[in-house]
Amino acid sequence: QQMPQFDIKGFDTTEEPNSFEEISGYNNFYEFGTGKDDPARYASALTTDPWAVEIDGLVERPGSYGLGDILAKMDIDERVYRFRCVEAWSMVIPWNGFELRQLLELAGVQPSAKYVRFETLFRPEEMRGQRSPILDWPYVEGLRLDEAMHPLTFMATGLYGKELPNQNGAPLRLVVPWKYGFKSIKSVVKITLQEKQPVNTWKATNHREYGFYSNVNPEVSHPRWSQASERRIGAGVFASRIATVKFNGYEEQVGDLYRGMDLSKNY
Amino acid sequence: MIDALNRALRKVPTWPLYLAALLPPAWYFYAAVTGRLGIDPVKAMEHKIGLLGLQILIASLCVTPLRKYLGLNLLKFRRALGLIAFFYIALHLLVWIVLDVQIPSQIIADIYKRPYITIGMAGFALMIPLAATSYNAAIRKLGKNWRRLHKLVYPAVLLGGVHFVMLRKGWQIEPLAYLLIAVLVLLVRFPRKVPQKRFRMS
Numbered sequence: 550q551q552m553p554q555f556d557i558k559g560f561d562t563t564e565e566p567n568s569f570e571e572i573s574g575y576n577n578f579y580e581f582g583t584g585k586d587d588p589a590r591y592a593s594a595l596t597t598d599p600w601a602v603e604i605d606g607l608v609e610r611p612g613s614y615g616l617g618d619i620l621a622k623m624d625i626d627e628r629v630y631r632f633r634c635v636e637a638w639s640m641v642i643p644w645n646g647f648e649l650r651q652l653l654e655l656a657g658v659q660p661s662a663k664y665v666r667f668e669t670l671f672r673p674e675e676m677r678g679q680r681s682p683i684l685d686w687p688y689v690e691g692l693r694l695d696e697a698m699h700p701l702t703f704m705a706t707g708l709y710g711k712e713l714p715n716q717n718g719a720p721l722r723l724v725v726p727w728k729y730g731f732k733s734i735k736s737v738v739k740i741t742l743q744e745k746q747p748v749n750t751w752k753a754t755n756h757r758e759y760g761f762y763s764n765v766n767p768e769v770s771h772p773r774w775s776q777a778s779e780r781r782i783g784a785g786v787f788a789s790r791i792a793t794v795k796f797n798g799y800e801e802q803v804g805d806l807y808r809g810m811d812l813s814k815n816y
Numbered sequence: 143m144i145d146a147l148n149r150a151l152r153k154v155p156t157w158p159l160y161l162a163a164l165l166p167p168a169w170y171f172y173a174a175v176t177g178r179l180g181i182d183p184v185k186a187m188e189h190k191i192g193l194l195g196l197q198i199l200i201a202s203l204c205v206t207p208l209r210k211y212l213g214l215n216l217l218k219f220r221r222a223l224g225l226i227a228f229f230y231i232a233l234h235l236l237v238w239i240v241l242d243v244q245i246p247s248q249i250i251a252d253i254y255k256r257p258y259i260t261i262g263m264a265g266f267a268l269m270i271p272l273a274a275t276s277y278n279a280a281i282r283k284l285g286k287n288w289r290r291l292h293k294l295v296y297p298a299v300l301l302g303g304v305h306f307v308m309l310r311k312g313w314q315i316e317p318l319a320y321l322l323i324a325v326l327v328l329l330v331r332f333p334r335k336v337p338q339k340r341f342r343m344s
């Protein structure tokens, strides 16, 4: 096992990013099938234009926001983030997009809102995986409001300066780099601000294995995978595992959000 | 036609099966090292060889029902199928240990802490005495006990099927289909005691 060598400079990790082919060819997106190459094979069936995001709940300006109108108001930035899947593999990904905070401010968050609930598109005609009941569709994820407003929390619209491939969650997906990958919900069509903690899909499927917080944490063991180390995709057949870092290396940035919380209970 | 097939099969030697069995893992390894096995070659190798092991194990359990219901005699190939299945499952374990998990303490922790791995290991452990007593002298020496001992393949194939179901997230169709087939090839071995009532109902 090796210690990972990296720094977070500004928002970016200093590690070498994975190739476009790796990032767009190895995906968990059960809406298109459960195999890692199913999304790359089948996601081209998805129509991403027109696209709108319904923002509702405890917001000042609820409604349907067209993707074009959203993008016109956002500053598109690049973020080279570490990405850690709960299955104990990892990548480094250069995303393009904007901070979720900007989008939430567009709709105006009411003071009583405490959580953000996200929903993926449900369109089984185009998303063949949704024709089988592997998960309770549509896919749902959630964040606490302070997590959602954190400057690291990102809405990706691109990859390597190109349009986001469908298999990576086009046209708009969440990226929360200090949490396991399944928190970073893809192809978002609905955002709801609410007082109650939303029930995310994986937690609903198996609450012993998947919690609401799902922060990357080598100290909190998972019933299915040890989270102490990870394999970096693309490192080759004989590459050593690398140590997993608490909050996926972003402890300095996000540790304060969880001060005083028992992370083995709030997993 | 079955008779002709049985006669023809009598002339087929079994040794080519052992040689042919070396080809898939050799190809997977070559493909993995040369970047032809997809984006995560370690997992691809681990899963492909493991699945092959389960498939061959199920195939070895089809020999008896094929003879019983179709009169097709593949008995002379059964030992080869069983040993090849054991070989693949051992390789599957080896890839998992050496290339995937790597860290000894984590391997040990995984075996007793993670149910799907515990179950997979138990299935493999049950196959060790079977592989170890697969040569003629052992069969002669153990006599009736050999048949009894080799019934361990029944729990072994079920554990393999359950391991496959559990390692996938959620209830997935492919591993459930394998488990169902494993259950079926075992069920057809046991004579039904009360078939009459059942027939009338249907």
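For the record, the sequence lines run as chains C and L. Going letter by letter, the first sequence gives residues 550 to 816 in this note's numbering. Going letter by letter, the second sequence gives residues 143 to 344 in this note's numbering. For each residue, glycine too, the CB sits at the ideal point set by N, CA and C.
- prompt: With DSSP run on the structure shown, which of helix, strand or coil describes Ile-782/C?
  reply: Residue state, collapsed to three classes: coil.
Cβ distance (whole Å) where Pro-630/C is taken to contact Thr-562/C below 8 Å: Going by the sequence as given, residue 630/C is Tyr instead of Pro. Indeed, because the Cβ distance is near 7 Å, the residues count as touching under 8 Å.
query: First and last residue of the beta strand (DSSP E) that includes Lys-739/C?
result: Where Lys-739/C is concerned, the enclosing beta strand (DSSP E) stretches over 737 to 743.
query: From Ser-536/C to Ala-227/L, what does the alpha carbon distance come to, in whole angstroms?
result: The structure shown does not extend to residue 536/C, since chain C is modelled only from 550 to 816, so the question has no answer here.
field: Interface partners of Arg-790/C on chain L, CB under 8 Å
entry: Against chain L, the beta carbon of Arg-790/C has neighbours under 8 Å at Val-243, Gln-244, Ile-245, listed in chain order.
- prompt: How long is the line joining the alpha carbons of Arg-672/C and Gln-550/C, rounded to whole angstroms?
  reply: Between the C-alpha atoms of Arg-672/C and Gln-550/C there is a straight-line separation of about 43 Å.
First and last residue of the uninterrupted beta strand (DSSP E) at Glu-648/C: From DSSP, the beta strand (DSSP E) with Glu-648/C extends over 638 to 648.
- prompt: Given a limit of 7 Å on CB to CB distance, which residues of the region 603 to 624 of chain C reach chain L?
  reply: Those residues of the region 603 to 624 of chain C that come within reach of chain L (Cβ to Cβ, closer than 7 Å) do not exist; the list is empty.
- prompt: Of all the CB atoms in chain C, is at least one closer than 8 Å to the CB of Lys-190/L?
  reply: With 8 Å as the cut-off, Lys-190/L does not count as an interface residue toward chain C.
query: How would you write the range of the alpha helix (DSSP H) that Tyr-211/L sits in, first residue to last?
result: Tyr-211/L: member of the alpha helix (DSSP H) spanning 183 to 212, first to last residue.
task: Figure out for me which residue from Gln-802/C, Trp-774/C, Gly-730/C has the closest Cα to the Cα of Asp-695/C.
output: The alpha carbon of Asp-695/C has as its nearest neighbour, out of Gln-802/C, Trp-774/C, Gly-730/C, the alpha carbon of Gln-802/C.
query: Per DSSP, what kind of secondary structure is Ser-344/L in: helix, strand or coil?
result: Since pLDDT at Ser-344/L reaches only 43, below the 50 mark, its modelled position is unreliable, and no value is offered.
message: If you measure between the beta carbons of Glu-570/C and Met-640/C, is that distance less than 8 Å?
response: Not in contact: Glu-570/C and Met-640/C (Cβ atoms no closer than 8 Å).
message: Short of 8 Å in beta carbon distance, which residues of its chain neighbour Ser-344/L, apart from the five on each side in sequence? Order them along the chain.
response: With a pLDDT of 43 at Ser-344/L, under the threshold of 50, the modelled position of this residue cannot be trusted, and the question is left open.
query: When the Cα atoms are used, what is the spatial distance from Met-308/L to Phe-581/C?
result: Their Cα atoms are separated by approximately 21 Å.
field: Own chain partners of Pro-114/L with C-beta closer than 7 Å, once the 5 adjacent residues on each side are dropped
entry: Look at the range of chain L in this structure, 143 to 344, and you will see that residue 114/L is not part of it.
- request: Please determine, among Lys-210/L, Leu-216/L, Ala-173/L, the residue with the shortest C-alpha to C-alpha distance to Ala-150/L.
  value: Put simply, of Lys-210/L, Leu-216/L, Ala-173/L the residue whose alpha carbon is nearest the alpha carbon of Ala-150/L is Leu-216/L.
- prompt: When burial is assigned at 16 or more other CB atoms within 10 Å of the CB, is Gln-716/C buried or exposed?
  reply: Gln-716/C sits buried, since 16 or more C-beta atoms from the chains shown fall within 10 Å of its C-beta.
- prompt: Would DSSP call Ile-315/L helix, strand or coil?
  reply: Judged by DSSP in its simplified three-state form, Ile-315/L adopts helix.
message: Quick test of your reading: Phe-731/C and Val-635/C, contact by CB under 8 Å. State the CB separation rounded to the nearest angstrom.
response: Indeed, because the Cβ distance is near 6 Å, the residues count as touching under 8 Å.
- request: Could you tell me whether the region 753 to 767 of chain C touches the region 145 to 159 of chain L, where touching means 3 or more Cβ pairs closer than 8 Å?
  value: Short answer: they don't touch.
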